[in-house]
Each structure stands twice: as C-alpha cells, then as structure tokens.
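J.: In this text, residue positions in the sequence shown follow this note's numbering: the first is 17, and each later residue adds one.
Every residue, glycine too, gets a C-beta built ideally from N, C-alpha and C.
Only a predicted model underlies this, so the values are computations on that prediction, with no experimental measurement involved.
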Amino acid sequence: MAVRAASCGGRAVARRGGGGVLGRALSSALLCTAAATPQHISHYLAHQPRATWEALSAKFPAAGAGAVPHGHVDAVLLSLARRPHATTEPVAKNALTFFHWSAAAVASSSSPSTSYSLRSYCLLVHLLSRAALFRDASVLLEAAIAKHSSYPASSFLDAFFAAYEDSGTAATTRGLHLLVHAYARLRLPGEALEACRYLARRGVTPSLSAFNAALQSAKRAGAFGVAWEVFELMTQKRVYADQSAVGLVVGILSREGKLVRTAAVVERIHGKKCAPGIVAHVALTLRMIEEERVEQVILLLKRMLQRNILLDNIAYSLIVHAYCRIGDLKSAFEQRDDMVCRGCRLNAFVYTCLIRAHCCEGSTDKAVKFHQEMVSMGLRPYDATYSHLIAGCFREGMVQEGLAYFDNMLHEGFVPDISRCNEMLDGLCNAGEVCKANGLLTAIMDKGLVPDQDTYRILISGYVKAGDSEGIVKIYHEMEHRRLNPGVDVFTTLIRSLCQCGNLKEADKYLAVMKKKAVAPTSDLYDLLISSYCEKGNSKRALWLYDMMITENEKLVPSADSFMMLVRRVIKVKNSCPPDS
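(1) Is Ser43 buried or exposed, if buried means 16 or more other CB atoms sit within 10 Å of its CB?
(2) Confirm, please, whether the CB-CB distance from Leu224 to Val262 is below 8 Å.
(3) Leaving out five residues on either side along the sequence, give the residues of the same chain with a beta carbon under 6 Å from the beta carbon of Ala403.
(4) Please state whether DSSP places Gln516 in a helix, a strand or coil.
(5) Could you tell me the distance, in whole angstroms, from the CA atom of Val295 to the CA atom of Ile335?
(6) Could you tell me which uninterrupted beta strand (DSSP E) segments, each at least 3 residues in length, are contained entirely in the region 461-502, listed from first to last along the chain?
(7) Just to confirm my understanding: we take Met580, look at its own chain, exclude 5 residues before and 5 after, and list those with CB closer than 6 Å. What are they?
(8) Using the beta-carbon count (16 or more within 10 Å), is Trp560 buried or exposed?
(9) Where does Ser170 land, buried or exposed, given buried means 16+ other C-beta within 10 angstroms?
(10) Put Thr53 into one of helix, strand or coil per three-state DSSP.
(11) Could you tell me whether the Cβ atoms of Pro65 and Pro106 are closer together than 8 Å?
(12) Use the C-beta contact count for Ala148: other C-beta atoms within 10 angstroms, 16 or more gives buried, fewer gives exposed.
(13) Which class does Ser347 belong to by DSSP, given the choice of helix, strand or coil?
(14) Keeping to the same chain, check which residues put their C-beta closer than 7 Å to that of Glu417; ignore five residues upstream and five downstream.
(15) Measure the beta-carbon distance from Phe386 to His374 and round it to whole angstroms, keeping in mind my assumption that it falls under 8 Å.
(16) Please report the straight-line C-alpha distance between Phe422 and Ile406, rounded to a whole angstrom.
(17) Buried or exposed for Gly487, going by 16 or more other Cβ atoms inside 10 Å?
(18) So His297 and Leu315 are supposed to be a Cβ contact under 8 Å. How far apart are they, rounded?
(19) Exposed or buried, Ser165, counting other C-beta atoms within 10 Å across all chains shown (16 or more means buried)?
(20) When you measure from the CB of Asp543 to every non-hydrogen atom of the ligand SAH, does any distance come out below 7 Å?
(21) Can you tell me where the alpha helix (DSSP H) holding His197 begins and where it ends?
(22) Is DSSP giving Lys318 helix, strand or coil here?
(23) Measuring CA to CA, which of Trp244, Phe247, Asp90 and Leu275 is closest to Ser183?
(24) Using 8 Å for Cβ pairs, my map puts Arg341 next to Glu308. What's the rounded Cβ distance?
(25) On the three-state DSSP scale, how would you describe Tyr339?
(26) In whole angstroms, what is the alpha-carbon distance linking Asp442 and Leu541?
(27) Leu215 and Val242 look like a contact to me (Cβ under 8 Å); what is the Cβ gap, rounded to whole Å?
(28) Pull up the distance between the alpha-carbon of Leu475 and that of Ile491, whole angstroms please.
(29) Taking all protein chains shown into account, decide if Asp505 is buried (16 or more other Cβ within 10 angstroms of its Cβ) or exposed.
(30) Just verifying my parser: in three-state terms, what is the DSSP assignment at Thr368?
(31) Once the 5 residues before and after Lys289 are set aside, which same chain residues still bring their CB inside 8 Å of it?
(32) Return helix, strand or coil for Thr458, following the three-state DSSP convention.
(33) Quick one: grab the DSSP three-state call for Ile325.
(34) For Lys533, which option in Pro292, Cys550, Gly553 and Glu496 has the closest C-alpha, if you only look at C-alpha atoms?
(35) CB Val573 to CB Ser547, shorter than 8 Å?
(36) Quick one: measure Cβ to Cβ for His337 and Cys360, integer angstroms, because I've assumed they're closer than 8 Å.
Right, here's the structure in full:
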C-alpha cells in the first residue's frame with residue numbers, strides 16, 4: 017500500500033509538474049525511500065547473485081544517505097538468517113557487504129540515526145558461519161569482542177546465544193564454537209572457559225577444537241588453573257582428549273613442575289611407565305582429589321574406565337586415594353577389597369594412602385602394620401610412605417620409632433620435604449632433644465634440603481625449652497648467613513626466647529635490629545619487653561619502652577596487664593625513694 021501510494025503521489029506530482037525534471041526526480045526519490053524497508057532489502061540481498069556497494073547505493077539511495085531507521089540493519093540480517101532454503105554463501109557474502117555498506121553510510125551521515133549494534137554483529141557471525149565463511153566470521157567476531165569490551169562476558173554470551181536462537185531452524189552451532197576460538201585467539205583464556213561453560217549449560221557441547229583452543233590460550237597466558245578447568249570440563253562433557261590436547265596438558269604439567277612426580281605416581285601404581293594420555297588424566301584426577309571433590313572424581317573415573325582412558329588398577333587405586341583423602345576409611349577398604357576381587361594387584365601407592373589416612377587419624381600403630389604388610393608382599397616403600405610414618409610417630413611422641421624410619425628413608429636414598437622435616441624437628445624439640453634436632457637438620461641439609469623460616473623458628477623454640485640463649489643467637493645468625501629475612505614471627509619468637517632466658521640486653525639488641533630491617537614490632541612484643549623489665553625491677557627501661565610504643569604508632573596499645581604492672585612498679589619505686597629534705 018505504501019509503495020502504491022508513493023507511486024501514485026509521484027505520478028500526480030509529475031502530472032502537475034508537466035513531466036518536468038523536478039517531478040521525475042521527486043517521484044523516483046519517493047519510490048526508493050518506500051522500498052528501503054528491511055523486507056525489501058533482505059529480499060534483494062537473498063536474490064541478488066552479487067551485491068556491490070555501487071548496486072546497493074543505486075538501489076537504496078535513501079538508505080545510503082544514512083536515513084535507515086534504527087534497527088533496520090538488525091531486521092535485515094535476522095530476515096536473512098531465517099531463510100533456510102537460500103543459497104547460503106552468496107547470501108552471507110551479500111549480508112556482509114550490506115553490513116559494511118550501511119556502516120559506511122552511517123559514518124558519512126551528518127546525523128547518523130543508527131550504528132552497529134552487538135545484535136547485528138552476532139546475527140551476521142551466525143550467518144557467515146552457516147555458510148562456512150569462517151575466516152570472515154572470525155574477523156567480525158573478534159572485532160565485536162574488541163568493540164564491546166566494556167560488556168561483561170556474560171552479557172556478550174547472552175546476546176550471542178540469543179542471536180543463535182532467533183535464527184530459528186536455519187541456525188547451526190558452528191558460530192557458537194567459533195566464539196570460543198575468538199576468545200582464545202584474543203588471549204582471553206578466562207572468557208574462553210566461561211564461553212565453554214555457558215554453551216554446556218545451554219545444551220551445546222563445545223567441539224574438541226574449541227576446547228583445544230581454550231587450552232592453548234591458557235597455556236600461553238600461563239593461566240594453568242584455567243587450563244585445568246578447561247580439561248576437566250571437556251572430560252566431564254565426554255569430549256575426550258586427542259593427541260593435541262594431551263600434549264598441551266603434559267606441557268602444562270611440565271611448566272608447573274609436576275610432570276615427573278605425576279609420572280612417578282603412575283609408575284608406582286602400574287609398575288611401569290604409561291602413555292602420556294594416562295599421565296595427563298591421572299594429573300587431573302589427583303588435582304580434584306586434593307580439592308576433596310570425591311563424588312565428581314569417582315564419576316569421572318568410571319567414565320574413563322568405560323572409554324578405556326585409564327587402566328583398571330590405576331582407576332581403582334585413585335578411588336581408594338580419594339576416600340582416604342577425606343578420611344572415609346570404610347569406603348576405602350571396601351574399594352580396596354573390590355579392587356582385589358577384580359583381579360587388580362595391590363600396589364605401594366594404595367598402601368601409602370592407607371598409611372597416611374591412619375597416621376592422620378592418630379592410629380600410627382595400624383599404619384605401622386600396613387607398612388609391614390606391604391614390605392612382606394615385596395612392595396617397596398617410597399618417600400611419601402616414610403614421610404607419613406615419620407610424621408605420625410613424631411605427632412604421637414614415638415620419637416625413637418620416627419628416627420628409625422628416618423634412618424631407613426635416608427638409607428633408601430629418599431629425602432623428606434621441608435614440611436616433614438619441620439614436623440620431625442618439632443617432635444624432637446618437644447621431647448627436649450634440641451641437639452638431636454640440630455644434628456638431624458644438618459644431616460638433611462647435607463642431602464640438599466634447604467631450611468625455611470619455620471625450621472629455624474622451631475629450633476629457636478627448642479633452645480628456649482633447653483634454656484640455651486647462646487643456641488638461640490646462633491640460630492638467628494645462621495638465618496642471616498643464609499639470607500633468610502626473618503619476619504615478625506621469627507623476631508617475636510627470638511625476643512621472647514631471650515626474655516625467658518633472662519637475657520634482656522640481647523632482647524633489646526634484636527628489637528633494634530628488627531626496626532633497622534623495617535619490621536614493625538607488635539603490641540604483644542612491647543608488652544613482653546615491658547613486663548620482663550618490670551619483673552627484673554628496671555622500671556626506667558620499661559617506661560622508656562612504653563613511651564616508644566605509644567610514640568611510634570598510636571595504634572599500638574599496651575595490654576591491661578602489662579600497663580598495670582608498669583603502674584604498680586612505678587608507684588613502688590616512687591614510694592621507696594626518700595622524701596626531699
């Protein structure tokens with residue numbers, strides 16, 4: 017009707033104008049303006065073999081002048097996207113040409129009435145993907161992500177998926193997978209992972225190539241946590257890793273410094289080296305077990321068994337480990353028995369898991385029996401086995417037994433890690449064997465172990481119990497020699513130790529050293545020194561420390577006990593002084 021009316025109006029003007037030039041021009045303009053509707057433009061693009069900028073400008077001059085109403089570009093692209101029977105490649109190319117042409121028209125207009133919207137980008141990307149024009153779609157999609165970078169990733173994903181759904185039956189999921197690739201190429205691994213999760217929630221499983229792209233992006237960015245989440249998601253969604261994905265995961269393991277350790281775990285379970293794919297999936301499982309996600313781990317392991325990704329003995333051993341990790345020994349024993357019934361031989365890894373669980377529960381005697389059982393079966397204990405036994409013995413005060421396991425450990429060529437070493441030292445110091453603890457540390461350091469601040473703090477506390485102030489100072493100087501910068505905890509332990517030994521002069525010295533190293537003293541530290549000087553009868557020094565405390569930092573407030581002790585001491589001194597004559 018609008019076209020007919022415009023046509024009639026044009027003829028009327030032409031008649032009134034006597035068929036002149038002005039009448040014909042006005043009639044042509046009205047016709048073209050009426051024809052520049054989304055329906056006419058999309059019909060033209062769908063049936064035109066090749067739409068050029070010149071042809072579009074000639075066909076729709078009003079649109080070319082920037083007079084397309086807001087939302088017309090979206091409507092044109094949506095109409096094209098919903099055409100299931102159109103020849104996809106020519107239509108998609110025409111749509112891309114129209115997209116750029118309309119943008120150029122808007123840019124040249126003095127008062128543009130429309131602009132690229134996110135929805136326009138999304139619709140066109142899906143249209144290009146359906147036509148397998150992936151290069152054009154990728155370029156456009158990356159431009160859209162950059163242009164709308166201020167959008168939260170969730171909003172962008174919502175808009176992109178809405179465009180996919182609005183395309184109707186003609187839509188394909190190829191554009192959705194392309195979004196993950198775009199984020200990966202832009203080195204946005206977190207967004208690539210979010211896109212994978214979003215699509216999975218919407219019932220669209222990302223393709224293997226999309227997952228691999230996300231893995232590659234995370235590896236390049238050093239976002240190893242994101243990479244493991246991608247690998248876990250693809251395994252949960254039963255998109256099983258190919259050689260490329262396995263290579264990426266093994267590379268991430270290597271950069272994390274965990275490849276050798278994980279391969280050693282696999283070898284201890286199976287008795288020989290296994291393929292990289294097994295190592296990669298075991299590493300994922302161990303990571304999940306450390307996070308105590310047992311139910312998810314067991315489900316994942318069962319799926320791996322169904323697909324023959326893992327061997328039976330490896331999968332069952334990891335299930336035992338998962339139950340032991342959360343302290344569910346009943347389920348762990350049931351799984352161990354089921355493992356034996358299925359013909360899988362018990363291994364050193366399973367025994368070590370059971371030993372660790374019993375030591376953590378305080379049942380070191382049962383852990384010792386498991387150790388004896390595994391040795392009788394011809395299984396060789398390794399560093400973790402000894403470490404758990406040593407820690408369990410020292411926690412329960414079984415010092416001699418713990419030292420015996422330590423000697424066996426060194427004899428077998430294993431060295432405990434620093435945390436296990438600290439537990440042994442703490443056990444010896446609590447038993448009053450600080451000299452043995454110092455000798456043990458020396459023996460371990462000869463094997464290449466590097467002590468940390470906790471190591472020296474434990475030894476300082478041990479020398480305090482022995483009342484050896486010289487030993488305390490020697491330990492501090494050893495820390496200085498090793499260039500370990502003592503923190504406030506170490507200084508507090510050191511000064512408290514010297515105060516308890518009655519060596520207040522040395523304690524004052526290390527308070528000055530502490531300030532020189534820009535380590536701020538705490539209220540507790542000042543309280544300790546003030547009360548120690550009050551007990552020694554040196555109220556003058558105690559008052560000096562009190563003044564320093566409140567002067568240096570107004571947030572430091574003495575405790576009520578130390579303050580009242582100071583007040584009582586000052587009053588006592590004042591009362592003992594003779595009155596002035």
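T.: Straight from the coordinates:
(1) Confidence at Ser43 is low in this model, with a pLDDT of 38, below 50, so its placement is unreliable and no value can be given for it.
(2) no
(3) Before going on, a small fix: residue 403 reads as Ser here, not Ala. The residues are Pro432 and Arg436.
(4) helix
(5) 16 Å
(6) none
(7) none
(8) exposed
(9) exposed
(10) coil
(11) yes
(12) exposed
(13) helix
(14) Cys409
(15) 7 Å
(16) 7 Å
(17) buried
(18) Not confirmed; about 14 Å, so no contact.
(19) exposed
(20) Absent from the structure shown: the ligand SAH. Ligands present: none.
(21) Arg190 to Arg201
(22) helix
(23) Asp90
(24) 6 Å
(25) helix
(26) 23 Å
(27) The Cβ separation is near 16 Å, so there is no contact.
(28) 7 Å
(29) exposed
(30) helix
(31) Ala279, Val282 and Glu283
(32) helix
(33) coil
(34) Glu496
(35) no
(36) The pair is not a contact, with the Cβ atoms about 14 Å apart (cut-off 8 Å).
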